[in-house]
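Take a look at the structure below.
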Amino acid sequence: MNEMEKVRAEIKKLYETNPHIHLNMTIKHPSVTLTNAPATITGVYSHIFQIESDEIDILKRYTVQYSEVLMGNVEIVELKRC
513 MNEMEKVRAE IKKLYETNPH IHLNMTIKHP SVTLTNAPAT ITGVYSHIFQ
563 IESDEIDILK RYTVQYSEVL MGNVEIVELK RC
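Using the working numbering, you'd call the opening residue of the sequence shown number 513 and step up by one each time.
This is the structure we're talking about:
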């Protein structure tokens, strides 16, 4: 099992047990910076996962590649606690 599959398995486990997470995310395109933001995992697929974050009373949906987690652009706080 490679690193990408491990990340996918951990995120899928979170999705199935408790999809409510906290997220640190810094992405350049589109420009997104979130720090310890509450979010919900809404879908886990083969190459991506989807999250919803309620930012300033606006619900936003993001599609994130697992490679973003590996590169450190997206950090799920609950994965660090495990």
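The C-beta atom is built at its ideal place from N, Cα and C for all residues, glycine as well.
The beta-carbon separation of His534 and Val586, rounded to 12 Å, does not stay under the 8 Å limit for a contact. The bridge partners DSSP lists for Leu535 are Ala549 and Ile588. Note that the C-beta distance between Tyr578 and Val519 is below 8 Å. Distances from the alpha-carbon of Asn530 to those of Gly584, Val544 and Thr554 put Thr554 closest. About 7 Å separates the beta carbons of Met516 and Leu582, which is inside the 8 Å limit, making them a contact pair.
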